[in-house]
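Notes follow the structure.
Residue numbers (our numbering), protein chains in the order written: chain D, 931 to 1664; chain A, 3 to 413.
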């Protein structure tokens, strides 16, 4: 640990105001690490020692951001064994802020950039928060996304500042929400906005001069009342029972301990005094930090996400590609949406279809989206017009002249694909990146239709494109590293997260999600009531229940994919192992003619395009067991989770996917694998008992539900070696 | 008869007043509801020496404010009972009144006490239901983990699972109303319902005022479901469905018309052994044969009466066929229907319902939470005497997932 202080001290003798500048010399951003706590310890001691000369304190930062938050490297190592020491660390860090808060002189936070998590918590411990009017100076509590809570006073202070309900819904469980200065002021997280960074200190000094007696309201007034009341206030108490129930409804019963802990800490803390509320908050924080879910989520949403969005082996100063003009082939649902996200990133788009009318209709999708954004105040007419001006609908290949990127999104038919590629290639730039948005056809095969297969790559978007954060890049046999990096740059350019996989049937995501859907459908044949199947998938943490999802994807398509897979296996002389779901799909299509939502009839019934409920005929078609209460919901949930993990292990073994981070992020962001698991491979690591526990449970499931749950040999060996799935280990052993 | 056999000497109650400010008992303090019954018991039994009363055990479900601070001891004092009479308030939610009687019976059966007054009180117009908080509903960590839902959601869940339609529950409710109206008209309650008087001895209320004799299935059918909003916007349907995962959605069949009414009232039962009865000239009207409580799954919550009844019957060495009359608290119509099904199965449930709540129940007359158990026990003993029946069963469903039952034999 560095001995250099992470907090600068500057006492202005003219006014007695100390400016504390957060500036960790070992990192580009400040975090609440050991060095910070040490520096703060001596800072607080000095503040106390020199208190007779000090008239006020300003806390600011020398970094681009104000303060980044907790030290995730350290947090990930917290466990039941060292929880006590961690508790001491936490107590000290919180005690320091409490001391500053009660120093007896006004303390102001001069927020020069983003103050998230721990950064916001430091700011909340001051008496007045001034933020610079810069859209990058965002505030918020991302902790819940990492399975944690704001444990440095964030729960306790927001509850006291803005009330339990407002703090919970608006701030503490808002997760990814980042408040721009004006929003933060409206909520009450900051008090004052100044135009530039240079205005911060003068404004802070002015406030200190005008408010020499400043105190937190909860310290100034012993009878301070929390806005909106507490459980002892009848009007609040009347609504309180609906807080946990609505939370359950919102998270659909998934294993997400953080929002439950936040709710508990907020309500329990409101019933005791400030200092004891901090203690309650710490207990819940430690419980979360030592639990598996936060480990999983920190792994996925910090370490893995950084890795997949990182340099991927390219030197940091290597030149980046920026697409300037993209030609999108096919103005159907996917093509139209890809046009939108590209134009939104400022890329010139030629949206080409066989007829101008079809291309024009494709542009209509963007027109609708921007109109809605303007209407809701999320965009301006000017921006909307600029975006639309970038999209040129066309039926002429020559409009593609000079394009440096092609994304083909036509019907999944090799003949049509061949035709459009042969037509367009001569018109685009000689070094244009050639991408296909196919989700089913092997990339290597498609690359034969172009003269530069090394520049050909799969760029697999997910629907709805403007909402889904992931893009799966598929390398064909001949795809070059350069083309891969260009594709990665494009994905970054449009603000999405990439994973890179190698060519194989279904690539990574489609292949894995297929096992999930099959597992859910197979349960019907076993007499599991359909409502139970839906609950099992939701309670496992999947964003869409499995039968609902298969209605969206359509059983006809699933049968087609299964048939293609079967043909391929048989063509290679293998024998196809029939999945129990196939029989259900067969009957749903051939006996009941219920393919899915598109036709308005599937596992669900639909009226005017709206899902109205499960098809009552399912009861007769697949009679449920006599006593559904005897069904093991845990088995049902774990069958879905396990089968996708096992398929991911196979993809890893086969080289379809080469990094653990790609598997984890791809499974969560692409196909809805539950975030609390940390992803399809992290789930194996984090399962109760680790890899050995996973292997033992997989064998149990195999014995009861079928050989498909048998753990792959590589996994068994890995568990014997005690080696979790980790990119760090892969690198280390390479 | 063993010397410690617990006997019921008297079981009286106040009339039930509508539990709101327009209700007749709103101006009467809860303590005075109890005091009136103590005075009446003493005046009915002139030889009863009050120094022989050892304890006053009262059920009360919302023991705060007017009902707080051990209302039993306060009531004993205000009634002018000797200082030697102790008092305790207990809370087993809706079963509190019967629990009080059962505890009194157990005190006597143990041989450690000879004469105990027991019963309950609830002024729902003055102390609103739920206003005492409690971790079950109010502590998020507890409630979240245990899938807490309010009783109405549980009742609707029972109806959904059992397939009780709106018509089924409304039919049951209409029958409760007509039975209660008949019983009242024929004076079947008049021996045990003691008018509530004011401090000048003017009658405040002398009859159950909640009964609506003109109720029909049609009029009931026009009422709006009570728990739909709570289920949707309160998130409670989702909670129940996460636990009862095979149910797709909850059918909200319960309304104010087929659920128990919110009312004010009190009950008091004198329990003692044969020896003290003889000494004080008390006539035994029934003996308490067995009592039982059980815990059940808390989200569906209201399925406890059948297991509790089976347990009590087994202790008594009886079967359901030995029972001539049943008082099953009508918290919600579906709870009674489910109880009958659980006891004897679908084929025989109608027959069981014929001898259940023959004089109506809480749907018609209301459910003054802490008092109801003592009230229905009294009604049961009265009706056994009137009809010449021998064995009776009183049972209630209980918040938090419990059931209670008491088997009595008329003497």
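Cβ atoms here follow ideal geometry from the backbone N, Cα and C, with glycine treated the same way.
Spatial neighbours of residue 334/A in its chain, beta-carbon cut-off 6 Å, leaving aside the 5 residues before and after: Indexing the second chain from 1 puts residue 334/A at position 332. Once the five neighbours on either side are set aside, the close Cβ partners of residue 334/A are 157, 256 and 261.
How would you label residue 375/A, buried or exposed, when you count the other beta carbons within 10 angstroms and need 16 or more for buried? To locate residue 375/A, count along the second chain from 1; it is residue 373. Buried: at least 16 other Cβ atoms inside 10 Å.
Contact check, residue 1499/D vs residue 1452/D under 8 Å by CB: the rounded distance? Locating residue 1499/D in the first chain gives position 569, where the first residue counts as 1. Locating residue 1452/D in the first chain gives position 522, where the first residue counts as 1. Residue 1499/D to residue 1452/D, Cβ: 19 Å. No contact.
Within-7 Å CB hit, residue 154/A to chain D: As a position in the second chain, residue 154/A is number 152, starting the count at 1. Chain D contact via Cβ: absent.
If distances are taken between C-alpha atoms only, which option among 1222/D, 1200/D and 1195/D comes closest to residue 1212/D? Taking the first residue of the first chain as position 1, residue 1212/D is located at position 282. The residue with the shortest Cα to Cα distance from residue 1212/D is 1195/D.
Return helix, strand or coil for residue 1324/D, following the three-state DSSP convention. Here the question's residue 1324/D lines up with position 394 in the first chain. Residue state, collapsed to three classes: strand.
Taking DSSP's pairing of strands, which residues face residue 268/A in a bridge? Numbered from 1 along the second chain, position 266 holds the residue referred to as residue 268/A. DSSP output for residue 268/A lists 123/A as bridge partner(s).
Relative to the C-alpha of residue 1023/D, which residue among 1082/D, 1371/D and 1066/D is closest? For the purposes of this step, residue 1023/D is taken as residue 93 along the first chain, with counting starting at 1. Nearest option by C-alpha distance: 1082/D.
Count the other CB atoms within 10 Å of the CB of residue 1655/D; is the residue buried (16 or more) or exposed (fewer)? Reading the first chain from its first residue, position 725 is the one you call residue 1655/D. Label assigned to residue 1655/D: buried.
Quick one: list the residues of chain D neighbouring residue 230/A, beta-carbon separation under 7 Å, in chain order. Position 228 of the second chain, counted from the start, is the residue given in the question as residue 230/A. Those do not exist, as residue 230/A stays about 14 Å from chain D at its closest Cβ, beyond 7 Å.
At 4 residues or longer, what runs of the alpha helix (DSSP H) sit wholly inside the stretch 1484 to 1525 of chain D? Entirely contained in the stretch 1484 to 1525 of chain D, the alpha helix (DSSP H) runs reaching 4 residues are, in chain order, 1485 to 1501 and 1510 to 1516.
Check whether chain D comes within 7 Å of residue 236/A, counting only Cβ atoms and requiring the distance to be less than that. Start at 1 with the first residue of the second chain, and residue 236/A comes out as number 234. Cβ-Cβ to chain D under 7 Å: yes for residue 236/A.
Can you find a C-beta in chain D that's less than 7 Å from the C-beta of residue 37/A? Residue numbering aside, residue 37/A sits at position 35 when the second chain is read from its first letter. So no, residue 37/A is outside the interface.
The stretch 182 to 192 of chain A / the stretch 264 to 274 of chain A touching (three or more Cβ pairs under 8 Å): no
Helix, strand or coil: how does DSSP classify residue 1206/D here? If you number the first chain from 1, residue 1206/D lands on position 276. Residue 1206/D falls in the helix class under three-state DSSP.
Let me know the secondary structure DSSP gives residue 138/A once reduced to three states. As a working note, residue 138/A is residue 136 in the second chain. Judged by DSSP in its simplified three-state form, residue 138/A adopts helix.
C-alpha distance - residue 76/A paired with residue 61/A, whole-angstrom precision: By one-based count along the second chain, residue 76/A stands at place 74. By one-based count along the second chain, residue 61/A stands at place 59. If I take the Cα positions, the gap works out to 14 Å.
Spatially closest choice to residue 1268/D from 1642/D, 952/D, 1396/D and 1002/D, by CA coordinates: Position 338 of the first chain, counted from the first residue, corresponds to residue 1268/D. Residue 1396/D is the option with its Cα nearest to residue 1268/D.
Residue 1482/D by DSSP, collapsed to three states: which one? The residue you call residue 1482/D lines up with position 552 of the first chain. Three-state result, residue 1482/D: helix.
Hey, residue 1338/D and residue 1371/D are a contact pair by Cβ (cut 8 Å); roughly how many whole angstroms apart? Locating residue 1338/D in the first chain gives position 408, where the first residue counts as 1. Locating residue 1371/D in the first chain gives position 441, where the first residue counts as 1. Going by Cβ atoms, the distance from residue 1338/D to residue 1371/D rounds to 11 Å, so no, they are not a contact pair.
Would you list, in chain order, the members of the stretch 104 to 115 of chain A that have their beta-carbon closer than 8 Å to a beta-carbon of chain D? none
Whose C-alpha, out of 1252/D, 1612/D and 1149/D, is nearest the C-alpha of residue 1087/D? On the first chain, residue 1087/D is found 157 positions in, with the first residue counted as 1. Ranking 1252/D, 1612/D and 1149/D by Cα distance to residue 1087/D puts 1149/D first.
Helix, strand or coil for residue 248/A per DSSP? For the purposes of this step, residue 248/A is identified with residue 246 of the second chain, where counting begins at 1. Residue 248/A falls in the coil class under three-state DSSP.
Return the residue from the list 987/D, 1641/D and 992/D that minimises the CA-CA distance to residue 955/D. One-based indexing of the first chain puts residue 955/D at position 25. With distances taken between Cα atoms, residue 955/D lies closest to 992/D.
Verify whether the separation of the beta carbon atoms of residue 1164/D and residue 1170/D is less than 7 Å. Sequence index remark: in the first chain, residue 1164/D carries index 234 (1-based). Sequence index remark: in the first chain, residue 1170/D carries index 240 (1-based). No, Cβ-Cβ distance for residue 1164/D and residue 1170/D is not below 7 Å.
Taking the C-alpha atoms as reference points, what is the distance between residue 72/A and residue 303/A? By one-based count along the second chain, residue 72/A stands at place 70. By one-based count along the second chain, residue 303/A stands at place 301. Their backbone Cα atoms lie some 27 Å apart in a straight line.
Rounded separation between residue 2/A and residue 1231/D - CA only: No answer is possible for residue 2/A: the residues shown for chain A start at 3 and end at 413.
So, with DSSP's three-state summary, where would you put residue 1432/D? Numbered from 1 along the first chain, position 502 holds the residue referred to as residue 1432/D. The answer is strand: DSSP assigns residue 1432/D an E or B state.
Leaving aside the five residues before and after residue 1065/D along the sequence, list all residues of the same chain whose C-beta is less than 7 Å from its C-beta, in chain order. Residue 1065/D sits at position 135 when you count from the first residue of the first chain. The answer, listed in chain order, is 1110.
The alpha helix (DSSP H) enclosing residue 1374/D, as first and last residue numbers: As a working note, residue 1374/D is residue 444 in the first chain. Start and end: 1373 to 1376.
Since I believe residue 1238/D is in contact with residue 1428/D (beta carbons under 8 Å), could you give me their beta-carbon distance rounded to a whole number of angstroms? The count along the first chain starts at 1 and reaches residue 1428/D at position 498. The count along the first chain starts at 1 and reaches residue 1238/D at position 308. The Cβ separation is near 6 Å, so the contact holds.
At the 7 Å Cβ level, is residue 250/A part of the contact set with chain D, yes or no? Taking the first residue of the second chain as 1, we reach residue 250/A at position 248. Answer yes: the Cβ-Cβ gap between residue 250/A and chain D drops below 7 Å somewhere.
Nearest-angstrom Cα separation, counted from residue 278/A out to residue 290/A: Indexing the second chain from 1 puts residue 290/A at position 288. Indexing the second chain from 1 puts residue 278/A at position 276. Approximately 16 Å, taken between the alpha carbons.
Between residue 1184/D and chain A, is there a C-beta pair that is closer than 7 Å? Within the first chain, numbered from 1, the residue matching residue 1184/D stands at position 254. So, not an interface residue.
Is it the case that the Cβ atoms of residue 2/A and residue 52/A are separated by a distance below 7 Å? Outside the displayed range of chain A (3 to 413) lies residue 2/A, so it cannot be described from this structure.
Assigned secondary structure, residue 983/D (DSSP; H/G/I helix, E/B strand, else coil): Locating residue 983/D in the first chain gives position 53, where the first residue counts as 1. The answer is helix: DSSP assigns residue 983/D an H, G or I state.
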